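First the structure, in the form of structure tokens, and then the observations on it.
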Amino acid sequence: MQKSSHDESTFRSGDVRAKRWLLDTSAPFFNKGRGRSVMISDFLVQHPSGPYFHLNEIEWMNAIKKYPDLLYDTDLRYEKYSATITAHLGIDAYFDNNIILLQFERLFKLLEFKEEYRNHKIEVLVDNARTHTAKEYNINDFGKGTGTRCPVSSIEYKDEMNNIRTLDCYFQSGPDKGKSKGLLAIALELGVKVSPN
62 MQKSSHDEST FRSGDVRAKR WLLDTSAPFF NKGRGRSVMI SDFLVQHPSG
112 PYFHLNEIEW MNAIKKYPDL LYDTDLRYEK YSATITAHLG IDAYFDNNII
162 LLQFERLFKL LEFKEEYRNH KIEVLVDNAR THTAKEYNIN DFGKGTGTRC
212 PVSSIEYKDE MNNIRTLDCY FQSGPDKGKS KGLLAIALEL GVKVSPN
């Protein structure tokens, strides 16, 4: 049985976190600032051909004969002969569910051409985290008072016990039912200390 697992990681130049990889008992110098970042979505394999899934040039040529769409420009940055995608944060699209599905479709097309996997059963382990739906909001998109602009119906967050909570941004009952709560009321419900001014 051939095992593969899907993985996503973000690598930052100038990473200043205290926890990091050590190589041969040494660590790289800390850089100032965060710098550019790259996000990678790839497939790790438990096979001598690993650690990452990819085809060789001959296997790739066979794959594009059967699936010429592998050559189409999809605005995704695929690594050569693979289903690995890279994205530059702030430039490319975030890995949402649609992009991950396209990546898996590509993987399934490529798998049949990997000679070393012939006559193997393939098992793919997938992290089903909901991070693909993450989105940042600008505070300026919200109005301060009741009935003002509000771009979302609810906010999902983790509380201090790491439990997922949902906060409605619109009143569900009472005289203001259907109106947005406004940024001030939302902040108070979230326990944010707000200046009385």
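Just so you know, our numbering puts the end of the sequence shown at 258, numbered straight through with nothing missing. For every residue, glycine included, the Cβ atom is placed at its ideal position computed from N, Cα and C. Nothing here was measured: the structure is a model prediction, and the numbers come from that model.
Note down the Cα distance separating residue i from residue j, rounded to an integer number of angstroms.
{"i": "T207", "j": "L245", "result": "9 Å"}
{"i": "E217", "j": "V106", "result": "34 Å"}
{"i": "A148", "j": "E250", "result": "36 Å"}
{"i": "A124", "j": "E140", "result": "15 Å"}
{"i": "R226", "j": "S215", "result": "10 Å"}
{"i": "L137", "j": "I146", "result": "7 Å"}
{"i": "I119", "j": "E177", "result": "13 Å"}
{"i": "V187", "j": "L172", "result": "16 Å"}
{"i": "M122", "j": "H115", "result": "13 Å"}
{"i": "K175", "j": "S110", "result": "10 Å"}
{"i": "I161", "j": "T135", "result": "13 Å"}
{"i": "S256", "j": "Y113", "result": "52 Å"}
{"i": "K254", "j": "P236", "result": "26 Å"}
{"i": "K126", "j": "N180", "result": "21 Å"}
{"i": "E184", "j": "A144", "result": "16 Å"}
{"i": "F203", "j": "E221", "result": "24 Å"}
{"i": "K219", "j": "P212", "result": "20 Å"}
{"i": "D157", "j": "E166", "result": "15 Å"}
{"i": "N223", "j": "S241", "result": "27 Å"}
{"i": "N159", "j": "H108", "result": "28 Å"}
List the residues that DSSP assigns as beta-bridge partners of residue i.
{"i": "E217", "result": "T227"}
{"i": "S241", "result": "Y231"}
With DSSP run on the structure shown, which of helix, strand or coil describes residue i?
{"i": "R179", "result": "coil"}
{"i": "T192", "result": "Low local confidence applies: a pLDDT of 49 at T192 is under 50, so the model's placement there is unreliable, with the coordinate-based value given in what follows. Helix at T192."}
{"i": "L162", "result": "helix"}
{"i": "K254", "result": "coil"}
{"i": "D130", "result": "helix"}
{"i": "N201", "result": "helix"}
{"i": "M222", "result": "coil"}
{"i": "R167", "result": "helix"}
{"i": "F91", "result": "For F91, the predicted model reports a pLDDT of 47, less than 50, meaning its position is unreliable and no value from the coordinates is stated."}
{"i": "E118", "result": "helix"}
Measuring alpha carbon to alpha carbon, tell me which residue in the options is nearest residue i.
{"i": "L131", "options": "V185, S234 and L168", "result": "L168"}
{"i": "Y231", "options": "Y133, K219 and R210", "result": "R210"}
With residue i and residue j assumed to form a contact (beta carbons below 8 Å), what rounded beta-carbon distance in angstroms separates them?
{"i": "Q164", "j": "S102", "result": "6 Å"}
{"i": "K15", "j": "Y128", "result": "The structure shown does not extend to residue 15, since the chain spans only 62 to 258, so no value can be given for it."}
{"i": "G239", "j": "K205", "result": "Going by Cβ atoms, the distance from G239 to K205 rounds to 19 Å, so no, they are not a contact pair."}
{"i": "L228", "j": "I247", "result": "7 Å"}
{"i": "Y142", "j": "N117", "result": "7 Å"}
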